[in-house]
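As numbered in the numbering used here, residues 43 to 253 make up the sequence shown, in order.
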Amino acid sequence: MESSRGVGGLSREYKLVMLGEGGVGKSAIIMQFISHRFPEDHDPTIEDAYKTQIRIDDEPANLDILDTAGQAEFTAMRDQYMRAGEGFIISYSITDRRSFQEARHFKQLICRVRRTVDTPVVLVGNKSDLTHLRQVSVEEGKELAREFQCPFFETSAAFRYYIDEVFAALVRQIRQREAEVVRSGERKTRRNRSLWSRLKAPFRKKQHSEH
Ligand SMILES: Nc1nc2c(ncn2[C@@H]2O[C@H](COP(=O)(O)OP(=O)(O)OP(=O)(O)O)[C@@H](O)[C@H]2O)c(=O)[nH]1
Ligand SMILES: [Mg+2]
Numbered sequence: 043m044e045s046s047r048g049v050g051g052l053s054r055e056y057k058l059v060m061l062g063e064g065g066v067g068k069s070a071i072i073m074q075f076i077s078h079r080f081p082e083d084h085d086p087t088i089e090d091a092y093k094t095q096i097r098i099d100d101e102p103a104n105l106d107i108l109d110t111a112g113q114a115e116f117t118a119m120r121d122q123y124m125r126a127g128e129g130f131i132i133s134y135s136i137t138d139r140r141s142f143q144e145a146r147h148f149k150q151l152i153c154r155v156r157r158t159v160d161t162p163v164v165l166v167g168n169k170s171d172l173t174h175l176r177q178v179s180v181e182e183g184k185e186l187a188r189e190f191q192c193p194f195f196e197t198s199a200a201f202r203y204y205i206d207e208v209f210a211a212l213v214r215q216i217r218q219r220e221a222e223v224v225r226s227g228e229r230k231t232r233r234n235r236s237l238w239s240r241l242k243a244p245f246r247k248k249q250h251s252e253h
């Protein structure tokens with residue numbers, strides 16, 4: 043298991059994947075996060091990768107972010123990046139109910155490909171600035187996040203609302219899972235040790251009785 047500081051004191055790299063229907067603002071969220079810019083036009087993504095270094099809870103983190111295609115015709119690589127990613131942002135637009143319904147499909151796909159329900163995820167309802175076009179309520183978003191057992195944010199890439207929070211929450215999720223794995227590993231080692239000492243006990247007794 044790699045420590046959170048990585049090998050040789052370098053900061054740990056986190057492989058994050060941005061998922062969601064076409065046009066919900068995946069690229070806009072990433073661009074605002076990395077370069078504080080908002081792309082006004084929709085330029086459908088095929089696949090783009092971004093790297094950035096930030097500090098989260100006073101620990102450095104190298105983020106390797108994959109921006110994926112929402113358009114169905116570009117989804118050939120999906121299984122591969124779903125396997126390789128460590129944390130996933132599932133995004134929808136609050137102005138597009140269909141994109142909200144698709145969010146559940148993305149979660150199911152992650153579970154199916156990774157064969158576990160225990161993958162770090164953050165749910166994001168983007169375009170929160172477009173209140174007059176809202177089709178999905180905050181409550182519905184929260185309810186889906188409860189179902190996913192994951193953090194939830196309504197973001198606006200246009201106004202840079204809650205953008206940093208999304209990435210920080212995802213890295214925290216990954217760190218928590220890793221800490222849990224380490225703890226359960228220690229528990230197993232302790233259990234094995236006590237099993238071993240119980241197994242060895244009769245030998246010890248025998249040795250003592252011989253003297
Ligand atoms: N008002 C508003 N518009 C947004 C917001 N986020 C994205 N947009 C706009 O929505 C359109 C689509 O944004 P993109 O970031 O290209 O969407 P995408 O999810 O990357 O789309 P694909 O790459 O095709 O999957 C663009 O015209 C953006 O300017 C937002 O928070 N508020
Ligand atoms: Mg895009």
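Idealized CB from N, CA, C, for every residue including glycine.
Item: Using DSSP with H/G/I as helix, E/B as strand and the rest coil, what is residue 214?; Value: helix
Item: So, using beta-carbon positions, are residue 211 and residue 80 closer together than 8 Å?; Value: no
Item: Grouping DSSP H, G and I as helix and E and B as strand, with all else coil, what is residue 152?; Value: helix
Item: Taking residue 163 and residue 130 to be in contact with their CB atoms under 8 Å, please state how far apart those CB atoms are, rounded to whole angstroms.; Value: 5 Å
Item: Quick one: does the C-beta of residue 198 sit closer than 7 Å to a heavy atom of ligand 1?; Value: yes
Item: Per DSSP, which residues does residue 60 bridge with? Please list them.; Value: 109, 131
Item: Measuring only the C-alpha atoms, how far is residue 237 from residue 222?; Value: 22 Å
Item: Considering only residues of the same chain and omitting the five flanking positions on each side of residue 4, which have a CB-CB separation below 6 Å?; Value: There is simply no residue 4 to check, as the chain begins at 43 and stops at 253 in what is shown.
Item: Pick from 228, 73, 202, 161: whose alpha carbon is nearest that of residue 169?; Value: 202
Item: Do residue 76 and residue 60 have their CB atoms nearer than 8 Å?; Value: no
Item: Put residue 90 into one of helix, strand or coil per three-state DSSP.; Value: strand
Item: Could you give the DSSP three-state label for residue 76: helix, strand or coil?; Value: helix
Item: Could you tell me whether any non-hydrogen atom of ligand 1 is closer than 7 Å to the CB of residue 83?; Value: yes
Item: Quick check on residue 88: buried or exposed, where buried means 16 or more other Cβ atoms within 10 Å of its Cβ?; Value: exposed
Item: Identify the continuous alpha helix (DSSP H) that holds residue 257 and give its terminal residues.; Value: What the structure shows of the chain is the stretch from 43 to 253, and residue 257 is not part of that stretch, so it cannot be assessed.
Item: Between residue 86 and residue 53, what straight-line distance do the alpha-carbon atoms span, to the nearest angstrom?; Value: 32 Å
Item: Please tell me whether, using a cut-off of 7 Å, the distance from the CB of residue 68 to the nearest non-hydrogen atom of ligand 2 is below it.; Value: yes
Item: Which residues in the same chain as residue 55 place their Cβ atom closer than 6 Å to its Cβ, once the five residues preceding and following it in sequence are excluded?; Value: 104, 106
Item: Report whether the distance from the Cβ of residue 109 to the nearest heavy atom of ligand 2 is below 7 Å.; Value: yes
Item: Verify whether the separation of the beta carbon atoms of residue 195 and residue 204 is less than 8 Å.; Value: yes
Item: Between which two residues does the alpha helix (DSSP H) containing residue 182 stretch?; Value: 180-190
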